[in-house]
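Student:
Residue numbers (UniProt numbering): 1 to 418.
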């Protein structure tokens, strides 16, 4: 439909491409978004998207709060707001973060954003000069790569294991750069239940990362959309908890604990950094959705968020368990996968020589979709991995989807052996 429309609109003599800026010409559509288009209208079992289950949206509570907000606060809810965000919500979130994570409210300021995706763009806009070195995990969140890439950094990718970013390898890299008179601008990490791997950075590595930031003078961007979704194991404090200097910019979101349609997230950081990002945001959208902010304020202030999180966990845990059990039952020998204690994703590694991007068409023809892992690497140099999502599809479909996927992988492995 989209392609037909573009052809129709582009049937005249105007050369549309010549009007785009060089940066616009270099933009590429998100591979995940394009993939979702491929499977949305078919009977394919999609383990590809990163969508929360609609069953977890607190619809009735949202209706109730929205009615109350529009009855008693319509003058504020339907008006422009300040760029930094609705003050009662920012103060409530600061209190919530202090109680939950031990982050003193006196050390941070909060700015509301249109989802943490906007926060990533604002960070790129505010901190990255062309050529600045930015450290990311290998693999890392694809949309963060896309957001930062617009500002022309040089990416340094640090490998991951089951305990998150391998901070010892980061330290080696920092030492080499320091010897060359170079330094990095910041480290970007999804520290808890990482997207795409599902793994969590260990406590020791978090503390060491803070020490390295002091020693080598860089910032840390801690993206934390999934930390509340813990199904097993013990919680680990965020990196921001250990930050005494204001080096950590912490990103939170309501997308996984309220609803993604609100497009509402926040940045918790040193006031000096917040002020500059506030100025950057003024040029982008003036302010985040005010009605959504007031609904979120009531949702947190009146304790509904703390009531809702255990319900979401109870809903997702059986789905995670179903996927882990199905992988154990159906996957051929030689296939490895992560065993996350929370979040939304499992990362699967196939034997060397199998290209999951090339395998995708065959998988879709067999009725299952995943996200090839290549796009999650800054240098696109790993071909034999994939990301699976377990939150959106019911347990019985998860089992069937993994079974179909295992059959495709087995065929590929046989072909590889010749």
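All residues carry an ideal CB built from backbone N, CA and C; glycine is no exception. Predicted model only: the values in this text are computed from it and were never measured.
Once DSSP output is grouped into helix, strand and coil, what is the label at residue 178?
Tutor: Here the question's residue 178 lines up with position 178 in the chain shown. Three-state DSSP puts residue 178 in a helix.
Student: So residue 128 and residue 231 are supposed to be a Cβ contact under 8 Å. How far apart are they, rounded?
Tutor: Counting from 1 along the chain shown, the entry for residue 128 is found at position 128. Counting from 1 along the chain shown, the entry for residue 231 is found at position 231. That belief does not hold up - the Cβ atoms of residue 128 and residue 231 are roughly 35 Å apart, past 8 Å.
Student: Are there 16 or more other CB atoms within 10 angstroms of the CB of residue 370, so buried, or fewer, so exposed?
Tutor: By 1-based counting over the chain shown, the position of residue 370 is 370. The residue in question, residue 370, is buried, as its Cβ has 16 or more Cβ neighbours within 10 Å.
Student: What does DSSP give as the partner residue(s) for residue 100 in the beta ladder?
Tutor: If you number the chain shown from 1, residue 100 lands on position 100. None; residue 100 has no bridge partner.
Student: Would you tell me roughly how many angstroms separate the C-alpha atoms of residue 46 and residue 404, rounded to the nearest one?
Tutor: Against the chain shown, residue 46 aligns to sequence position 46. Against the chain shown, residue 404 aligns to sequence position 404. Whole-angstrom Cα-Cα distance: 11 Å.
Student: Buried or exposed: which applies to residue 271, given that a residue is buried once 16 or more other Cβ atoms fall within 10 Å of its Cβ?
Tutor: Here residue 271 refers to the residue found at position 271 when the chain shown is read from its first residue. Around the CB of residue 271, fewer than 16 other CB atoms lie within 10 Å, so the residue is classed as exposed.
Student: What would DSSP say about residue 146, mapped onto helix, strand or coil?
Tutor: For the purposes of this step, residue 146 is taken as the residue at position 146 of the chain shown. The answer is helix: DSSP assigns residue 146 an H, G or I state.
Student: Which class does residue 219 belong to by DSSP, given the choice of helix, strand or coil?
Tutor: Looking up residue 219 in the chain shown gives position 219. DSSP, reduced to helix, strand and coil, places residue 219 within a strand of the structure shown.
Student: In the DSSP assignment, find the beta strand (DSSP E) that holds residue 388 and state where it starts and stops.
Tutor: What you label residue 388 is simply residue 388 of the chain shown in a count that begins at 1. 385 to 389 is the extent of the beta strand (DSSP E) around residue 388.
Student: Quick check: the stretch 381 to 393 against the stretch 341 to 348, are there 3 or more CB pairs under 8 Å?
Tutor: yes
Student: Just to confirm, are residue 283 and residue 263 a CB contact at a threshold of 9 Å?
Tutor: As a first step, residue 283 must be located in the chain shown, where it is residue number 283. As a first step, residue 263 must be located in the chain shown, where it is residue number 263. Their beta carbons are not under 9 Å apart, which means residue 283 does not touch residue 263 by this criterion.
Student: Could you check where the alpha helix (DSSP H) with residue 315 kicks off and where it finishes?
Tutor: Taking the first residue of the chain shown as position 1, residue 315 is located at position 315. Start and end: 304 to 330.
Student: According to DSSP, which residues form a beta bridge with residue 248?
Tutor: Against the chain shown, residue 248 aligns to sequence position 248. According to DSSP, residue 248 bridges with 220.
Student: What's the C-alpha gap between residue 88 and residue 126?
Tutor: By one-based count along the chain shown, residue 88 stands at place 88. By one-based count along the chain shown, residue 126 stands at place 126. Approximately 26 Å between the Cα atoms of the pair.
Student: Which one of 407, 91 and 65 has the shortest CA to CA distance from residue 327?
Tutor: Taking the first residue of the chain shown as 1, we reach residue 327 at position 327. Taking the Cα of residue 327 as reference, the smallest distance to any Cα among 407, 91 and 65 is reached at 407.
Student: How many Å lie between residue 412 and residue 325 at the Cα?
Tutor: In the chain shown, residue 412 corresponds to position 412, counting from 1. In the chain shown, residue 325 corresponds to position 325, counting from 1. One alpha carbon belongs to residue 412, the other to residue 325, and they sit about 22 Å apart.
Student: Drop a sphere of 10 angstroms on the beta-carbon of residue 307, count the other beta-carbons inside from all chains shown, and report buried for 16 or more, exposed for fewer.
Tutor: Counting from 1 along the chain shown, the entry for residue 307 is found at position 307. The residue in question, residue 307, is exposed, as its Cβ has fewer than 16 Cβ neighbours within 10 Å.
Student: Helix or strand or just coil, what does DSSP make of residue 155?
Tutor: Numbered from its first residue, the chain shown carries residue 155 at position 155. Here residue 155 sits in strand by DSSP.
Student: One question on the structure: do residue 97 and residue 113 come within less than 9 Å of each other, judged by their Cβ atoms?
Tutor: Taking the first residue of the chain shown as 1, we reach residue 97 at position 97. Taking the first residue of the chain shown as 1, we reach residue 113 at position 113. No, Cβ-Cβ distance for residue 97 and residue 113 is not below 9 Å.
Student: Determine the burial state of residue 194: buried for a count of at least 16 other Cβ atoms within 10 Å of its Cβ, exposed for fewer.
Tutor: Translated into the one-based positions of the chain shown, residue 194 becomes position 194. By the neighbour-count rule (16 or more Cβ atoms within 10 Å), residue 194 is buried.
Student: Just confirm the distance between the C-beta atoms of residue 119 and residue 251, as a whole number of angstroms; I'd bet it's less than 8 Å.
Tutor: Here residue 119 refers to the residue found at position 119 of the chain shown. Here residue 251 refers to the residue found at position 251 of the chain shown. Sure, about 5 Å apart at Cβ, within 8 Å.
Student: By DSSP, does residue 361 sit in helix, in strand, or in coil?
Tutor: As a first step, residue 361 must be located in the chain shown, where it is residue number 361. Three-state DSSP puts residue 361 in a helix.
Student: Using a Cβ-Cβ cutoff of less than 6 Å, which residues in the same chain neighbour residue 305 once the five nearest sequence positions on both sides are dropped?
Tutor: Taking the chain shown and counting its residues from 1, the one referred to as residue 305 is at position 305. Around residue 305, the same chain offers 299 as residues with beta carbons nearer than 6 Å, after the five sequence neighbours per side are excluded.
Student: For residue 18 and residue 24, I'd like the C-alpha separation in whole angstroms.
Tutor: In the chain shown, residue 18 corresponds to position 18, counting from 1. In the chain shown, residue 24 corresponds to position 24, counting from 1. Going from the Cα of residue 18 to the Cα of residue 24 covers about 11 Å.
Student: What first and last residue would you give for the beta strand (DSSP E) that runs through residue 348?
Tutor: Your numbering for residue 348 matches position 348 in the chain shown. Note, residue 348: beta strand (DSSP E), 345 to 349.
Student: Does DSSP put residue 115 in a helix, a strand or coil?
Tutor: As a working note, residue 115 is residue 115 in the chain shown. Three-state result, residue 115: helix.
Student: Rounded C-beta distance between residue 315 and residue 55? I'm assuming under 8 Å.
Tutor: Along the chain shown, one-based indexing puts residue 315 at 315. Along the chain shown, one-based indexing puts residue 55 at 55. That belief holds up - the Cβ atoms of residue 315 and residue 55 are roughly 6 Å apart, short of 8 Å.
Student: So what does DSSP say about residue 415, is it helix, strand or coil?
Tutor: Translated into the one-based positions of the chain shown, residue 415 becomes position 415. Of the three classes helix, strand and coil, the one that applies to residue 415 here is helix, per DSSP.
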